[in-house]
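This report concerns only the one structure given below.
In the working numbering, the protein residues as written are 6 to 280.
Structure representation (structure tokens):
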């Protein structure tokens with residue numbers, strides 16, 4: 006499969022990130038992704054604005070901490086952006102990272118509980134997108150007698166891609182990938198680990214179209230170096246390269262200038278595939 010190139014916007018105001026998305030489409034990137042904060046620029050409002058200002062790039066989150074969100078609300082937001090974008094949305098999900106810089110909001114922190122909530126959340130969202138009106142699980146209950154909403158909010162895509170964080174070779178984590186459409190590898194695996202993971206997924210019946218992500222930084226001013234950094238991941242079986250700039254502070258003037266320069270330079274070239 007051809008490697009696609011996405012850019013994860015590290016931060017900035019809503020206007021700055023919207024302008025960066027427009028610039029990314031103009032510069033040839035294949036996708037633009039934003040992150041969700043407990044309090045911050047709202048990811049789905051931002052993606053809706055991007056949907057109205059772009060025509061080609063994939064749009065999504067990297068990532069949505071699904072156990073800390075109401076899945077029916079996430080399903081509504083995702084379907085809305087899918088409609089506005091003409092079927093270009095991707096939902097990246099994880100259990101939610103526990104770090105010292107997160108605000109204390111009283112959300113569930115137990116890993117087992119968050120994993121179970123994420124599994125149910127996936128099923129509930131899929132049910133709503135397919136037009137079902139009820140879902141009952143250990144963590145979530147949803148019931149409505151309204152059948153008109155299913156038609157109004159039906160996504161454009163027959164199956165909205167869900168990319169989920171998973172850690173190789175933890176099999177319970179990897180089995181979750183088989184219910185989704187892509188994997189966001191945790192713990193920064195090697196290219197050899199990606200090959201092993203891809204082989205295992207294939208042996209379990211995963212379709213060859215299942216997306217596997219890699220992420221990192223490539224230079225804006227050294228095309229040969231950028232190519233050398235991404236090609237091993239393509240050869241290992243990755244389908245997306247995510248350009249990142251995660252170092253703090255995310256929204257300083259220097260960081261905003263850096264990310265704009267990297268976006269404007271366009272994605273790395275692959276030997277024989279891009280000029």
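Glycine included, every Cβ here is placed at the ideal spot set by N, Cα and C. Every value quoted in this text rests on a predicted model; they were computed, and no experiment measured them.
Compute the distance between the beta-carbons of residue i and residue j, then report whether it is under 8 Å.
i           : j           : result
residue 131 : residue 152 : no
residue 112 : residue 73  : yes
residue 54  : residue 103 : no
residue 223 : residue 231 : yes
residue 264 : residue 14  : yes
residue 188 : residue 242 : no
residue 271 : residue 45  : no
residue 30  : residue 59  : yes
residue 158 : residue 81  : yes
residue 236 : residue 276 : yes
residue 118 : residue 145 : no
Cβ of residue i less than 8 Å from any chain D Cβ?
i           : result
residue 146 : In the displayed structure, chain D is absent; only one protein chain is listed.
Quick check on this structure: which residue in the options has the alpha carbon closest to the alpha carbon of residue i?
i           : options            : result
residue 252 : 25, 221, 123       : 221
residue 39  : 162, 91, 96, 145   : 96
residue 165 : 262, 64, 206, 31   : 64
residue 85  : 45, 57, 212, 273   : 57
residue 175 : 159, 206, 155      : 206
residue 43  : 125, 195, 134, 71  : 71
residue 216 : 128, 238, 89, 197  : 238
residue 79  : 114, 89, 208, 49   : 49
residue 88  : 192, 274, 163, 273 : 163
Nearer than 7 Å: is that true of the beta carbon of residue i relative to any heavy atom of the ligand SAH?
i           : result
residue 263 : Ligands are entirely absent from the displayed structure, and the ligand SAH is therefore not among its contents.
At the level of alpha carbons, what is the spacing between residue i and residue j?
i           : j           : result
residue 28  : residue 143 : 44 Å
residue 256 : residue 11  : 19 Å
residue 141 : residue 250 : 40 Å
residue 62  : residue 35  : 5 Å
residue 99  : residue 75  : 14 Å
residue 41  : residue 258 : 21 Å
residue 227 : residue 7   : 22 Å
residue 262 : residue 47  : 22 Å
residue 195 : residue 155 : 43 Å
residue 172 : residue 135 : 29 Å
residue 108 : residue 260 : 23 Å
residue 110 : residue 93  : 32 Å
residue 127 : residue 167 : 8 Å
residue 282 : residue 51  : Nothing about residue 282 can be read from this structure; the chain reaches only from 6 to 280.
residue 114 : residue 101 : 9 Å
residue 18  : residue 213 : 38 Å
Measure the beta-carbon distance from residue i to residue j and round it to whole angstroms, keeping in mind my assumption that it falls under 8 Å.
i           : j           : result
residue 267 : residue 225 : 5 Å
residue 181 : residue 169 : 6 Å
Taking buried to mean at least 16 other C-beta atoms within 10 Å of its own C-beta, is residue i buried or exposed?
i           : result
residue 25  : buried
residue 83  : buried
residue 219 : buried
residue 184 : exposed
residue 150 : exposed
residue 133 : buried
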